[in-house]
Amino acid sequence: MDAEEARLFLGLDFSTQQIKAVTINDDLKIVNETAVKFDTDLPEYKTQGGVHIQDDHVTVTTPSIMWVKAFDILLDRMKEDGFPFNRLVCISGAGQQHGSVYWKKGTKEVLKNLTEKASLHEQLQNGFSIPDSPIWMDASTTKNCRELEDKVGGPLKLAEITGSRGFERYTGNQIMKISQTRPSEYEITERISLVSSFAASLLIGDYAPIDLSDGSGMNLLDITTKKWSPKCLQACGSDLSSKLGDMVSSKQIIGSVSQFLIGRYNFNPSCKVVAFTGDNPASLAGVAPKLGDAIISLGSSDTVFSWLSRQTAELEGHIFVNPIDSDTYMSLVCFKNGSLTRERIKNECAEGSWDKFSDYLKNTPMGNNGNIGIYFDVMEIQPLAQGIFHFNKSNEKVSSFPHDVEVRAVIESQMIARKMYMEMRGMHVGPDTRILATGGASLNKAILQVISDVFGAPVFVSDIPNSAALGSCYRAKHGLDGCEFTDVVRSHPQPECVAVPAEGARQIYKEMTVRYKALEKTLANNSRVDSRT
Ligand code: XUL
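Numbered by the numbering used here, the letters in the sequence shown go through residues 10 to 542 in order.
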C-alpha cells in the first residue's frame with residue numbers, strides 16, 4: 010500500500026484543559042497532532058484551566074457546550090490543514106474521568122439527524138438539561154458519598170462492590186446531588202454520559218455506551234459482575250439505569266462515524282469507532298506497560314497506576330476494570346494538586362523559568378535539610394485537606410522557605426505522597442520496578458531525578474507526552490484488528506532510562522516519609538479520612 014493510501018488511526022483526548030488529537034499509521038508513527046485549548050481558543054467561556062470554580066470553592070464545572078464547540082474547532086483546523094480524514098479506519102478516545110454530561114430529552118433525535126450544513130455546537134446548543142457538567146475537580150458531594158456508603162453497608166462494602174469507597178468526584182455521588190437538588194432538570198434528562206462517552210456520541214451521532222473501565226469511576230458499577238450495581242443505582246437517582254444505558258467492554262466497536270462527519274469533513278463511511286474510555290485507562294494503554302510497572306502521570310492531576318491481575322478492596326485509591334483486558338484490573342490513586350501547583354511555585358520562586366526551577370532542584374540536597382512543605386492549593390483528595398504548610402527540621406511550622414528550598418519542597422512532598430499512597434493501595438515498588446513517567450512534567454529531567462530518588466527505583470520515559478491520546482490510537486487499532494494488545498504495541502518506542510536513585514536516597518526518603526505521614530495527619534485532623542486511620 011503506498012503512503013497516500015495507508016491506514017490511519019485517530020486518538021482523541023478530551024482532557025481538563027484541551028482537546029488533543031493524535032493520528033498514527035500502522036507502524037505506530039505519529040503523523041499528525043492537533044490541539045484546541047479551552048482558555049485561549051474559546052475565551053468567550055471564561056474558563057481558567059478549562060474549568061469554572063464556583064463561589065463555594067468546591068463546586069467545579071465546565072460548560073458542556075464548550076467541549077462541543079472545541080471539537081468543531083479541532084475538526085475545522087484539521088480540515089484547513091488538509092488532514093486526510095478519508096484514510097482514518099478507526100477512532101477511539103479518552104475523556105477526563107468522572108465528569109458527567111446531562112442530555113436533555115429529545116437530543117438523541119437531534120444527534121441522529123445532524124445536518125452537515127451547521128456546526129455541532131449550533132445544533133446541540135439546547136441539548137443539555139444541566140448545561141454545566143460537574144467534573145473531577147468537584148468536591149461538593151461529601152454528604153452524598155456518606156449517604157451512598159451508608160445505603161450499601163459502609164465504605165469498605167462500597168469499595169468491594171465498585172472498586173472505591175465514596176469519593177466526591179465519582180459520578181454516582183454527583184448524580185445523586187443533582188437528582189436531589191435539581192429534580193426537574195434530572196427528570197428531563199434523557200441520557201447521562203461520562204465525558205468519554207459524550208465525546209464518542211459526537212462521533213457516532215447517537216448516545217454512545219459507557220465502557221467498563223471509565224464506568225468503574227462512578228461508584229455505580231459492580232466491578233466483579235461488570236453490571237450496574239442495583240443498590241448503588243437505587244441510592245443515586247430514580248430510573249437511573251435507563252438514563253445510563255448499557256455498558257460495553259472498552260475494546261468494543263460501538264459504531265461507524267456519523268453521516269454528519271462523512272458529509273462535512275469527508276470521513277470514510279467505513280471508519281469505525283471503538284468505545285472511548287477515561288484518560289488514565291487510555292494512558293495505561295499509551296505507555297504499553299508490562300505487568301509490575303508503576304506508572305506516574307504528571308498532569309493537571311497527578312496519578313499513579315498499574316496493571317493488576319486481581320482486585321482488593323481498600324479505603325484509599327481506586328480499582329478500575331482494565332481497559333486493555335477486561336478480565337484484569339488497574340489500580341489508581343489521583344492527586345488534585347499536580348502541575349498547576351508546580352507551575353505556581355515556578356512562577357513565584359523561579360521567575361517563571363523551568364530552567365531556574367531545575368537549577369534549584371539540582372543545587373539543593375536530597376532531603377532539603379529537613380524542611381518539608383505541603384501544598385494543597387485546592388482541596389486534596391487524600392487527605393481531604395486544603396492549604397499551604399511549611400515545617401522545619403524540628404517539625405515546627407514556619408511561615409515560608411527561601412525560594413530554592415520551596416522548589417525542592419514542593420517536588421519532594423508531592424512525590425513522597427505519590428509513593429506513600431501507591432503503597433497503601435497495594436502497588437509494590439522495589440529497586441527493580443520500572444517507573445514509567447508520562448505527562449507534561451515528564452519532560453523535566455530534574456523532576457525525574459527526584460522521583461527516582463524518592464521511589465528508590467529507575468525512571469523511564471518515552472518521548473511521547475500525550476499518552477492518553479496515543480493510547481487511544483492503540484486502543485482503536487486493538488479494537489479494529491482484534492489481535493492481542495502486545496501485538497498492537499510491538500513497535501512502541503522502548504522507554505529510555507533517564508534517572509537512577511542517587512546513593513543514600515533510600516534511607517533519606519524512608520525517614521522523610523515517616524515524618525511526612527505524621528505531618529499530613531495533623532492537617533487532616535478534622536477530615537473523615539483521618540478519623541478512620
Ligand atoms: C482520576 C481523576 C483525574 C482525571 C483527570 O481519578 O480524577 O486524573 O481523570 O483528567
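Using N, Cα and C, we set each Cβ at its ideal position, and we do this for glycine too.
Exercise for the section: Would you tell me roughly how many angstroms separate the C-alpha atoms of Ser408 and Ala514, rounded to the nearest one? Expected result: On the sequence shown, residue 408 is found 399 positions in, with the first residue counted as 1. On the sequence shown, residue 514 is found 505 positions in, with the first residue counted as 1. Cα to Cα, Ser408 sits roughly 27 angstroms from Ala514.
Handout entry: Limits of the beta strand (DSSP E) - the one that Arg200 falls within
Key = For the purposes of this step, residue 200 is identified with residue 191 of the sequence shown, where counting begins at 1. Segment 198 to 203, the beta strand (DSSP E) holding Arg200.
Exercise for the section: Could you say which of Met227, Asp215, Asp311, Ser292 lies nearest to Val282 if we only look at CA atoms? Expected result: Along the sequence shown, read from residue 1 onward, the residue named residue 282 stands at position 273. Closest option to Val282, Cα to Cα, is Asp215.
Practice task
Output yes or no for whether 8 angstroms exceeds the beta carbon distance between Lys113 and Thr198.
Solution key: For the purposes of this step, residue 113 is taken as the residue at position 104 of the sequence shown. For the purposes of this step, residue 198 is taken as the residue at position 189 of the sequence shown. Cβ atoms of Lys113 and Thr198: closer than 8 angstroms.
Practice task
Enumerate in chain order the residues of its own chain whose CB-to-CB distance from Tyr54 is below 6 angstroms, with the five nearest sequence positions on each side excluded.
Solution key: Indexing the sequence shown from 1 puts residue 54 at position 45. So the list reads Pro72, Met75, once near-sequence residues are dropped.
Exercise for the section: Inspect the beta-carbon positions of Ile8 and Ala217 and report whether they are closer than 8 angstroms. Expected result: In the structure displayed, the chain extends from 10 to 542; residue 8 sits before or after that span and is not available.
Practice task
Hey, could you find the ends of the alpha helix (DSSP H) Tyr525 is sitting in?
Solution key: Translated into positions along the sequence shown, residue 525 becomes position 516. Run containing Tyr525: 514 to 532, per the alpha helix (DSSP H) assignment.
Exercise for the section: Can you tell me which of Ala30, Gly382, Gln261 puts its alpha carbon nearest to the alpha carbon of Ala478? Expected result: Along the sequence shown, read from residue 1 onward, the residue named residue 478 stands at position 469. The shortest C-alpha separation from Ala478 is found at Ala30.
Handout entry: Within-8 angstroms CB hit, Pro278 to chain D
Key = Absent here is chain D; the protein component of the structure consists of one chain.
Exercise for the section: Please classify Ile213: does DSSP put it in a helix, a strand, or coil? Expected result: Position 204 of the sequence shown, counting from 1, holds the residue named residue 213. Helix.
Practice task
Tell me whether Leu17 is buried or exposed, calling it buried when 16 or more other Cβ atoms sit within 10 Å of its Cβ.
Solution key: Locating residue 17 in the sequence shown gives position 8, counting from the first residue. That one is buried.
Practice task
Verify whether the separation of the beta carbon atoms of Ala148 and Gly287 is less than 8 angstroms.
Solution key: Translated into positions along the sequence shown, residue 148 becomes position 139. Translated into positions along the sequence shown, residue 287 becomes position 278. Taking 8 angstroms as the Cβ cut-off, Ala148 and Gly287 do not qualify as a contacting pair.
Practice task
Within 10 angstroms of the Cβ of Gln63, are there 16 or more other Cβ atoms? Answer buried if so, exposed if not.
Solution key: Position 54 of the sequence shown, counted from the start, is the residue given in the question as residue 63. The residue in question, Gln63, is exposed, as its Cβ has fewer than 16 Cβ neighbours within 10 Å.
Exercise for the section: Could you tell me if Gly163 is buried or exposed, where buried requires 16 or more neighbouring beta carbons within 10 angstroms of its beta carbon? Expected result: Numbered from 1 along the sequence shown, position 154 holds the residue referred to as residue 163. Exposed, because fewer than 16 other Cβ atoms sit within 10 Å of the Cβ of Gly163.
Problem - Among Lys299, Pro52, Asn153, Tyr384, nearest to Val498 - alpha-carbon criterion - result: As a first step, residue 498 must be located in the sequence shown, where it is residue number 489. Closest by alpha carbon: Lys299.
Problem - Alpha-carbon to alpha-carbon, Pro93 and Ser279 - result: By one-based count along the sequence shown, residue 279 stands at place 270. By one-based count along the sequence shown, residue 93 stands at place 84. If I take the Cα positions, the gap works out to 14 angstroms.
Practice task
Return yes when the C-beta of Gln183 is under 7 angstroms from any heavy atom of the ligand XUL, and no when it is not.
Solution key: Stepping through the sequence shown from its first residue, residue 183 is reached at position 174. Gln183 Cβ: outside cutoff for every heavy atom of the ligand XUL.
Handout entry: Residue closest to Leu324, alpha-carbon to alpha-carbon, out of Leu123, Glu432, Ile33
Key = By 1-based counting over the sequence shown, the position of residue 324 is 315. Answer by Cα proximity: Glu432.
Exercise for the section: Measure the C-alpha to C-alpha separation of Leu532 and Pro290 and round it to an integer number of angstroms. Expected result: As a working mapping, residue 532 is identified with position 523 in the sequence shown. As a working mapping, residue 290 is identified with position 281 in the sequence shown. Those two C-alpha atoms are separated by around 31 angstroms.
Handout entry: Euclidean distance between Cα positions of Cys241 and His327
Key = As a first step, residue 241 must be located in the sequence shown, where it is residue number 232. As a first step, residue 327 must be located in the sequence shown, where it is residue number 318. So the two alpha carbons sit approximately 17 angstroms from each other.
Practice task
Measure the C-alpha to C-alpha separation of Tyr111 and Asn182 and round it to an integer number of angstroms.
Solution key: In the sequence shown, residue 111 corresponds to position 102, counting from 1. In the sequence shown, residue 182 corresponds to position 173, counting from 1. Spanning the two alpha carbons is a distance of roughly 14 angstroms.
Practice task
Examine the ligand XUL and report whether any of its heavy atoms sits within less than 7 angstroms of the Cβ of Thr312.
Solution key: Start at 1 with the first residue of the sequence shown, and residue 312 comes out as number 303. Yes - the ligand XUL has a heavy atom lying nearer than 7 angstroms to the Cβ of Thr312.
Exercise for the section: Could you check what DSSP says for Ile352 in three-state terms: helix, strand or coil? Expected result: Here residue 352 corresponds to residue number 343 of the sequence shown, with the count starting at 1. Looking at the sequence shown, residue 352 is not Ile but Glu. Helix, per DSSP.
Handout entry: Burial state of Lys126 (16 or more Cβ within 10 Å)
Key = Taking the first residue of the sequence shown as 1, we reach residue 126 at position 117. Label assigned to Lys126: exposed.
Practice task
State the start and end residues of the unbroken alpha helix (DSSP H) segment that holds Gln458.
Solution key: Taking the sequence shown and counting its residues from 1, the one referred to as residue 458 is at position 449. Residues 454 to 464.
Practice task
Please list, in chain order, all residues of the same chain as Gln458 whose beta carbon is under 7 angstroms from its beta carbon, the five residues on each side excluded.
Solution key: Position 449 of the sequence shown, counted from the start, is the residue given in the question as residue 458. For Gln458, where only same-chain residues beyond five positions count, the Cβ hits under 7 angstroms are Ala508.
Practice task
Say whether the stretch 487 to 496 touches the stretch 307 to 320, bearing in mind that this needs 3 or more beta-carbon pairs closer than 8 angstroms, one atom from each stretch.
Solution key: no
Exercise for the section: Going by CA-CA distance only, name the one from Val69, Ile425, Glu42 that's closest to Thr25. Expected result: On the sequence shown, position 16 is the one that residue 25 refers to. Taking only the C-alpha atoms, the option nearest Thr25 is Val69.
Problem - First and last residue of the uninterrupted beta strand (DSSP E) at Leu317 - result: Residue numbering aside, residue 317 sits at position 308 when the sequence shown is read from its first letter. It spans 311 to 317 - the beta strand (DSSP E) in which Leu317 sits, taken as one unbroken run.
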